[in-house]
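Before any comments, here is the structure.
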Amino acid sequence: MASPSPCNWPVIRTVDSAIYFSASLPNPSIFLSFRAGSSKRPCLTTFSLNGSSSCITPPHISSAANQGLKKTVDSDHSTLQPNTLLVESDTRSLGRPALTFKSFFGRRSSWRRTLFASKRIRSVILLNVITIVYASNIPVVKEVEAIIDPAAFTAMRFTMSAILFIPLVLRARGDVGTRNAGIELGFWISLGYLMQALGLVTSDSGRASFLSMFSVIVVPLLDSMLGAKVPARTWFGALMSILGVAMLESSGSPPSVGDLLNFLSAVFFGVHTLRTEHISRNTKKENFLALIGYEVFIVALSSTLWHVLGGCFGGIQEFRPSSWTWAMLWNWMVTFPWIPAVYTGVFSTGLCLWVEVAAMRDISATETAIIYGLEPVWGAGFAWFLLGERWGSAGWIGAALVLGGSLTVQMFGSSPKKSGDEETK
Numbered sequence: 001m002a003s004p005s006p007c008n009w010p011v012i013r014t015v016d017s018a019i020y021f022s023a024s025l026p027n028p029s030i031f032l033s034f035r036a037g038s039s040k041r042p043c044l045t046t047f048s049l050n051g052s053s054s055c056i057t058p059p060h061i062s063s064a065a066n067q068g069l070k071k072t073v074d075s076d077h078s079t080l081q082p083n084t085l086l087v088e089s090d091t092r093s094l095g096r097p098a099l100t101f102k103s104f105f106g107r108r109s110s111w112r113r114t115l116f117a118s119k120r121i122r123s124v125i126l127l128n129v130i131t132i133v134y135a136s137n138i139p140v141v142k143e144v145e146a147i148i149d150p151a152a153f154t155a156m157r158f159t160m161s162a163i164l165f166i167p168l169v170l171r172a173r174g175d176v177g178t179r180n181a182g183i184e185l186g187f188w189i190s191l192g193y194l195m196q197a198l199g200l201v202t203s204d205s206g207r208a209s210f211l212s213m214f215s216v217i218v219v220p221l222l223d224s225m226l227g228a229k230v231p232a233r234t235w236f237g238a239l240m241s242i243l244g245v246a247m248l249e250s251s252g253s254p255p256s257v258g259d260l261l262n263f264l265s266a267v268f269f270g271v272h273t274l275r276t277e278h279i280s281r282n283t284k285k286e287n288f289l290a291l292i293g294y295e296v297f298i299v300a301l302s303s304t305l306w307h308v309l310g311g312c313f314g315g316i317q318e319f320r321p322s323s324w325t326w327a328m329l330w331n332w333m334v335t336f337p338w339i340p341a342v343y344t345g346v347f348s349t350g351l352c353l354w355v356e357v358a359a360m361r362d363i364s365a366t367e368t369a370i371i372y373g374l375e376p377v378w379g380a381g382f383a384w385f386l387l388g389e390r391w392g393s394a395g396w397i398g399a400a401l402v403l404g405g406s407l408t409v410q411m412f413g414s415s416p417k418k419s420g421d422e423e424t425k
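In terms of UniProt numbering, the sequence shown opens at residue 1 and continues consecutively.
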């Protein structure tokens, strides 16, 4: 039998397959290339004229080259040369779906995939949002203290916040671990709020915002005392912040005791942030609200005790029941700043504390403090527009140094690493 001569054979194309006729091989064959199901890999089936049939699925189209075979494709027809095997597949590129309202705002929309690509990104965004809310607290409290006793406002503020958590606290009253953790966090944050409220009596709102940013440095320093290794850039950022605060003190009103109290509030808030990181990672998510409830209850209790003790020793008329009248009660209810109390108690205390505990499961205490370092920027902005506070050139330079120290830690520093082996959770 004479061997077949080289010749060109036509190609019959379908949607997802191609049929080739070849007589150039020892046994004249028909090649059928198609896609099996939804698979992207081509499947090649050979039908031999002598009755044998086989099916192979090459891992790559280029595997044909390993068999000494070459593929040649023309614009409209495919040419098979001697000792050539052509594997054809549907190479039409699938176009991207058109941008629609659903694709952009749907459940798996593009902006959701970008902003909420991971739990860490979501936590960073939430912490930045509550940073703005915390910064707005300072000018609000500053204005309220001009018309009402700071202790009375603080007690009412946290009492309103604690009322919302009563059902959650009662439900988790048997959980000793959650209760003890909430009491500890409430103690540290109570000291921070107390120092902040007392410091704002004699300190500027904008300056208090920048002094509160010292928690950015306090957290890694305390972390290093507990066995962590703090990067050198963190110390450089600390020196920049200290120099900035020194220049900040030389601008505006003269230094006061309130500045020292605001600095102490930053220390207590830093301890609270450090302990929140540890406690949040050892607490179940379903116990978060109960944890915040215990924390807010401790803050409300300490604020009420501060108000009662101050009134008893100060001889304030409010603590003389014999002098109380219905007219006095009505006048107090009318003049009390309820809107600031609801805002600072429910929104910027209860809600923000819950967001903070949830976010710090994925963000370290040092990184959280660095994010909170942007609070002075927002606080100065609120003080500028709401209170009309102004600084001199030295004050702005000092503020820039404080912010620069924070950004140095944020951009170039890394989170402290424990010197010992981490505990297995």
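Ideal Cβ positions, reconstructed from N, Cα and C, are used throughout, including at glycine. In this text the structure is predicted, and so the values were computed from the model without any measurement.
Would you identify the three-state DSSP class for Ala327, choosing helix, strand or coil? helix
Can you round the beta-carbon distance between Gly182 and Gly293 to whole angstroms, since I take them to be within the 8 Å contact cut? Correct: roughly 7 Å between the Cβ atoms.
Residues near Asn128 in its chain [Cβ-Cβ closer than 8 Å; skip 5 each side]: Ile371 and Leu374
Please report the straight-line C-alpha distance between Ser118 and Ala359, rounded to a whole angstrom. 12 Å
Inspect the CB distances between the segment 265-281 and the segment 139-153 and report whether three or more fall short of 8 Å. no
Inspect the CB distances between the segment 281-301 and the segment 150-166 and report whether three or more fall short of 8 Å. yes
Starting from Gly199, trace the alpha helix (DSSP H) both ways and give me its first and last residue. Val176 to Gly199
Taking C-beta to C-beta, are Ser256 and Thr304 nearer than 7 Å? For the 7 Å CB-CB criterion, Ser256 and Thr304 do not form a contact.
Under a Cβ-count criterion, where at least 16 other Cβ atoms within 10 Å of its own Cβ denotes burial, should His307 be classed as buried or exposed? Counting Cβ neighbours within 10 Å, His307 comes out buried, since at least 16 surround it.
Contacts around Phe101, its chain only, beta-carbon distance under 7 Å, and the 5 residues preceding and following it disregarded: With a pLDDT of 47 at Phe101, under the threshold of 50, the modelled position of that residue is not reliable, and no figure is offered here.
Cβ-Cβ distance between Gly270 and Ser348 below 7 Å: Contact flag unset, no.
Under 7 Å, do Trp188 and His272 count as touching if we go by C-beta distance? yes
Output needed for residue 490: all residues of its chain with C-beta closer than 6 Å, excluding positions within five of it in sequence on either side, in chain order. Because the chain is modelled from 1 through 425, residue 490 falls outside the range shown and cannot be assessed.
Do the segment 184-200 and the segment 227-241 meet, that is, are 3 or more Cβ pairs less than 8 Å apart? no
Gly258 versus Leu198: straight-line alpha-carbon distance, rounded: Spanning the alpha carbons of Gly258 and Leu198 requires a straight line of approximately 7 Å.
Report the rounded CA-to-CA distance for Ala309 versus Leu191, giving the unit in angstroms. With the sequence shown as reference, residue 309 is identified as Leu, and Ala is not the correct amino acid for it. Cα to Cα, Leu309 sits roughly 16 Å from Leu191.
Quick test of your reading: Ala365 and Asn287, contact by CB under 8 Å. State the CB separation rounded to the nearest angstrom. That belief does not hold up - the Cβ atoms of Ala365 and Asn287 are roughly 20 Å apart, past 8 Å.
For the putative contact between Gly244 and Gly350, defined by C-beta atoms under 8 Å, what is the C-beta separation to the nearest angstrom? Contact flag wrong, Cβ pair sits at about 33 Å.
Apply the 10 Å Cβ neighbour rule to Val176 and answer buried if 16 or more other Cβ atoms are within range, or exposed otherwise. exposed
For Leu386 and Thr335, I'd like the C-alpha separation in whole angstroms. 21 Å
When Phe382, Trp354 and Leu291 are compared against Arg179, the one with the closest alpha-carbon: Leu291
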